[in-house]
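Chemist: For the sequence shown, the residue numbers in this note's numbering are 6 to 153.
Glycine is no exception: its CB is placed at the ideal position from the N, C-alpha and C atoms.
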Amino acid sequence: MVEMPSLDKLHDIVQPSPPPLWPPGEGFWVALVVLVVGIVAGLRWRRARRQRNAYRVAGLELLAQAQNVHDVSVTLKRVALAAWPRAQVASLHGSDWVHFLNNTCRRCRFAEDSLAQPDATIENALRRSAARWIRSHVVRAARIGGEP
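1. Counting C-beta neighbours from all protein chains within 10 Å, is the total for Phe33 16 or more, i.e. buried, or is it exposed?
2. With respect to the alpha helix (DSSP H) encompassing Leu131, which residues constitute its N-terminal and C-terminal limits?
3. Which of the three DSSP states, helix, strand or coil, is assigned to Val19?
4. Just the Cα atoms here: how many angstroms apart are Ala87 and Arg132?
5. Can the beta-carbon of Ile139 be found less than 8 Å from the beta-carbon of Gly64?
6. Can you tell me the Cα-Cα spacing of Val143 and Thr109, whole angstroms?
7. In whole angstroms, give me the CA-to-CA distance for Arg83 and Val38.
8. Return the chain-ordered ranges of every alpha helix (DSSP H) run that is complete within the stretch 35-70 and spans a minimum of 4 residues.
9. DSSP three-state label for His98, please.
10. Can you tell me where the alpha helix (DSSP H) holding Arg83 begins and where it ends?
11. State the DSSP-derived secondary structure class of Arg91, mapped to helix, strand or coil.
12. Ordered along the chain, which non-local residues of its own chain (more than five positions away) have a Cβ less than 8 Å from that of Asn73?
13. Rank Arg145, Leu97, Gln93 and Val77 by C-alpha distance to the C-alpha of Leu120 and give the top, closest one.
14. Measuring only the C-alpha atoms, how far is Ala135 from Gln70?
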């Protein structure tokens, strides 16, 4: 005769203990290292970018203090000298200077005579164009004199 199983012989299900929180697994350490390296790299990049663009901030401050067209031109020249070699920028004046400004900023359009009258008062359009040039000029080998 076969004995029928009895419920008295059953045992409760034993649940395993939850995994410990410490020490964490290898994935945690890898993620932590990647996170720290990413934060350090981001902070260094931001600092370097801020240092590279410090001359732009100084130029905008000088532009805000400009009283006449001559002051605007001097401010633009100082900003250009901070970004390009002196030999390339220092001797520019007149139409060559305006061509340089237009060629180094895609969104800027200075009129040929916009910087011609040094004692004239600053028009809002000139101040806006100068501020736009300071903020968005691209530092590369600029074409001088309107050459294609």
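Modeler: Quick answer:
1. An exposed status is given to Phe33, since fewer than 16 other beta-carbon atoms sit within 10 Å of its beta-carbon.
2. Segment Asn129 to Ser141, the alpha helix (DSSP H) holding Leu131.
3. Reduced to three states, the DSSP call for Val19 is coil.
4. Cα atoms of Ala87 and Arg132: separation of roughly 20 Å, rounded to the nearest angstrom.
5. Cβ distance < 8 Å, so Ile139 and Gly64 count as in contact.
6. Each residue's alpha carbon lies about 6 Å from the other.
7. Whole-angstrom Cα-Cα distance: 43 Å.
8. The stretch 35-70 contains, as complete alpha helix (DSSP H) runs of 4+ residues, the segments 59-70 (chain order).
9. Under the three-state reduction of DSSP output, His98 falls in the coil class, being neither helix nor strand.
10. Here the alpha helix (DSSP H) through Arg83 covers Val74 to Ala88.
11. Judged by DSSP in its simplified three-state form, Arg91 adopts helix.
12. Apart from sequence neighbours up to five positions away, the residues of its chain that approach Asn73 with a beta-carbon distance below 8 Å are Pro123, Asp124, Ala125, Thr126 and Ile127, ordered along the chain.
13. Checking every option, the nearest Cα to that of Leu120 belongs to Val77.
14. Distance between the alpha carbons of Ala135 and Gln70 is about 13 Å.
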